[in-house]
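S.K.: For reference, the structure I am asking about is given below.
Below is the structure:
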């Protein structure tokens with residue numbers, strides 16, 4: 010993991026709980042806090058004592074070897090799985106009674122490790138499906154095509170095109186989603202997640218399958234998304250150049266347990282992290 014310069018300029022500062030958030034988020038309620046989070050599958054503790062705080066405009070990374078439990082964490086945060094123990098606070102509220110739909114309406118959106126698009130629909134219609142939280146007409150105006158329906162359709166079209174412009178995809182609006190190149194499908198999934206108007210965006214391996222130029226563009230766009238929408242981003246990613254370049258705080262998971270938290274510089278120099286990734290102690294000969 011080579012040392013790279015971060016594009017973020019807000020240093021991490023400590024909280025009374027021994028967590029860290031960017032300085033600009035210090036006086037704001039964290040967008041996400043997990044306390045002793047865990048889940049068991051049968052007798053297997055898949056995640057154990059997971060504690061994390063994310064600032065309201067932080068770009069954070071969750072990394073770890075394959076099988077460490079990273080996607081399980083995302084499934085817990087989005088209530089695909091109900092935790093066996095522990096607490097998840099989103100925007101200061103306990104999510105215990107929420108399901109996936111309620112949490113999405115509250116402001117949590119995600120992408121998936123395996124792309125999930127409606128391949129037979131157009132690019133624009135995929136984005137419009139993400140705008141469901143903002144639809145203001147009911148069933149009757151929709152069936153009868155009343156003026157309120159067309160007004161909302163016009164607004165949805167304009168919003169979809171605005172979101173597609175983030176990745177310069179307006180010209181692909183009428184394309185069938187399944188016909189897009191792989192990298193463009195990844196970008197469309199991010200745009201659809203943004204259409205739900207999230208406060209926290211969870212990205213599961215967003216650079217998977219992208220070439221270096223696409224990855225470089227993605228890095229710039231993740232930062233631009235954070236700045237434009239003033240939201241937090243938590244990403245799982247194996248591309249360490251991407252993680253170390255744009256993430257302000259990084260949590261490292263191994264066998265379902267957090268083994269390190271800190272800045273990119275701290276994580277790159279952490280011997281426990283190096284051992285988890287390389288399978289040997291720091292400084293030990295291969």
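Residue numbers (my numbering): 10 to 295.
Positions of the beta carbon are idealized from the N, C-alpha and C atoms, including for glycine.
Provide the residue span of the beta strand (DSSP E) that contains residue 57, from first to last.
M.R.: As a first step, residue 57 must be located in the chain shown, where it is residue number 48. Residue 57 -> beta strand (DSSP E) spans 53-63.
S.K.: Evaluate residue 67 with the Cβ neighbour count: other Cβ atoms within 10 Å of its Cβ, from every protein chain shown; 16 or more gives buried, anything less gives exposed.
M.R.: By one-based count along the chain shown, residue 67 stands at place 58. So residue 67 ends up on the buried side.
S.K.: By a C-beta neighbour count over all protein chains shown, 10 Å radius and 16 as the cutoff for buried, is residue 109 buried or exposed?
M.R.: Taking the first residue of the chain shown as 1, we reach residue 109 at position 100. Looking at its Cβ environment, which holds fewer than 16 other Cβ atoms inside 10 Å, residue 109 is exposed.
S.K.: To which residues of the same chain is residue 282 closer than 6 angstroms at the C-beta, ignoring the five residues directly before and after it?
M.R.: Here residue 282 corresponds to residue number 273 of the chain shown, with the count starting at 1. Within the same chain, residue 282 has close Cβ partners 261, 269, 276.
S.K.: Nearest CA to the CA of residue 259: which residue from 141, 243, 138?
M.R.: By 1-based counting over the chain shown, the position of residue 259 is 250. The candidate whose alpha carbon is nearest that of residue 259 is 243.
S.K.: Tell me which residues share the same chain as residue 212 and place their Cβ nearer than 6 angstroms to its Cβ, disregarding the 5 neighbours each side in the sequence.
M.R.: In the chain shown, counting from the first residue as 1, residue 212 sits at position 203. Cβ within range, chain order: 120, 244.
S.K.: Compute the Euclidean distance between the alpha carbons of residue 217 and residue 246, then round it to the nearest angstrom.
M.R.: By 1-based counting over the chain shown, the position of residue 217 is 208. By 1-based counting over the chain shown, the position of residue 246 is 237. Answer to the nearest angstrom: the Cα atoms are 8 angstroms apart.
S.K.: Is the distance from the Cβ of residue 132 to the Cβ of residue 197 below 8 angstroms?
M.R.: Counting from one through the chain shown, the residue named residue 132 turns up at place 123. Counting from one through the chain shown, the residue named residue 197 turns up at place 188. Yes, the pair counts as a contact, with Cβ atoms nearer than the cut-off.
S.K.: Going by DSSP, which residues form a beta bridge with residue 194?
M.R.: By 1-based counting over the chain shown, the position of residue 194 is 185. BP columns for residue 194 are empty, so no partner.
S.K.: Would you call the stretch 232-241 and the stretch 42-56 in contact, with 3 or more CB pairs under 8 angstroms?
M.R.: Segments in contact, no.
S.K.: Mind checking whether residue 267 and residue 59 have CB atoms under 8 angstroms apart?
M.R.: Counted from its first residue, the chain shown places residue 267 at position 258. Counted from its first residue, the chain shown places residue 59 at position 50. Contact: yes.
S.K.: In angstroms with no decimal places, state the Cα-to-Cα distance between residue 214 and residue 205.
M.R.: As a first step, residue 214 must be located in the chain shown, where it is residue number 205. As a first step, residue 205 must be located in the chain shown, where it is residue number 196. C-alpha separation (whole angstroms): 20 angstroms.
S.K.: My parser needs the alpha helix (DSSP H) runs of 4 or more residues fully inside the stretch 50-129; what are they?
M.R.: Counting whole runs of 4 or more residues, the stretch 50-129 contains the alpha helix (DSSP H) stretches 79-86, 109-115.
S.K.: Quick check on residue 186: buried or exposed, where buried means 16 or more other Cβ atoms within 10 Å of its Cβ?
M.R.: Within the chain shown, the letter at position 177 stands for residue 186. Label assigned to residue 186: buried.
S.K.: Please report the Cβ distance between residue 21 and residue 224, rounded to the nearest whole angstrom; I am assuming they are in contact, meaning their Cβ atoms lie under 8 angstroms.
M.R.: Within the chain shown, numbered from 1, the residue matching residue 21 stands at position 12. Within the chain shown, numbered from 1, the residue matching residue 224 stands at position 215. That belief does not hold up - the Cβ atoms of residue 21 and residue 224 are roughly 24 angstroms apart, past 8 angstroms.
S.K.: Can you tell me whether DSSP reads residue 213 as helix, strand or coil?
M.R.: Here residue 213 is taken as the residue at index 204 of the chain shown, counted from 1. Strand.
S.K.: Pull up the distance between the alpha-carbon of residue 129 and that of residue 55, whole angstroms please.
M.R.: Taking the first residue of the chain shown as position 1, residue 129 is located at position 120. Taking the first residue of the chain shown as position 1, residue 55 is located at position 46. When rounded, the distance between both Cα atoms is 36 angstroms.
S.K.: Using DSSP bridges, identify the partner residues of residue 42.
M.R.: Residue 42 sits at position 33 when you count from the first residue of the chain shown. Beta-bridge pairing links residue 42 to 62, 98.
S.K.: Let me check one thing: in DSSP terms, what residues is residue 185 bridge-paired to?
M.R.: What you label residue 185 is simply residue 176 of the chain shown in a count that begins at 1. 131.
S.K.: For residue 238, report the span of its alpha helix (DSSP H) as first-last.
M.R.: Start at 1 with the first residue of the chain shown, and residue 238 comes out as number 229. Element bounds for residue 238: 221-238.
S.K.: Buried or exposed: where does residue 165 fall if 16 or more other Cβ atoms within 10 Å of its Cβ makes it buried?
M.R.: What you label residue 165 is simply residue 156 of the chain shown in a count that begins at 1. Result: buried.
S.K.: So if DSSP puts residue 241 in a beta bridge, which residue, or which two residues, is it bridged to?
M.R.: Looking up residue 241 in the chain shown gives position 232. According to DSSP, which records beta bridges pairwise, residue 241 is partnered with 209.
S.K.: On a Cα-Cα basis, can you pick out the residue from 77, 105, 100 that is closest to residue 88?
M.R.: Numbered from its first residue, the chain shown carries residue 88 at position 79. With distances taken between Cα atoms, residue 88 lies closest to 105.
S.K.: So residue 173 packs on residue 167, CB below 8 angstroms; how close in whole Å?
M.R.: Here residue 173 refers to the residue found at position 164 when the chain shown is read from its first residue. Here residue 167 refers to the residue found at position 158 when the chain shown is read from its first residue. Between residue 167 and residue 173 the Cβ distance is about 11 angstroms, and since that is not below 8 angstroms, they are no contact.
S.K.: Beta-carbon separation of residue 170 and residue 192 under 8 angstroms?
M.R.: The residue labelled residue 170 in the question sits at position 161 within the chain shown. The residue labelled residue 192 in the question sits at position 183 within the chain shown. Against a cut-off of 8 angstroms, the Cβ pair of residue 192 and residue 170 comes out as no contact.
S.K.: Whose CA, out of 234, 209, 229, lies closest to the CA of residue 113?
M.R.: Within the chain shown, the letter at position 104 stands for residue 113. Residue 113 has its Cα closest to that of 209, out of 234, 209, 229.
S.K.: Kindly indicate which residue of 76, 137, 64, 161 has the alpha-carbon position closest to the one of residue 101.
M.R.: Your numbering for residue 101 matches position 92 in the chain shown. It is 64 whose Cα lies nearest to the Cα of residue 101.
S.K.: Who are the Cβ neighbours of residue 46 in its own chain at under 6 angstroms, not counting the five residues just before and after it?
M.R.: One-based indexing of the chain shown puts residue 46 at position 37. The residues are 59, 92, 95.
S.K.: Since I believe residue 97 is in contact with residue 297 (beta carbons under 8 angstroms), could you give me their beta-carbon distance rounded to a whole number of angstroms?
M.R.: As shown, the chain starts at 10 and ends at 295. That puts residue 297 outside it, with no answer to give.
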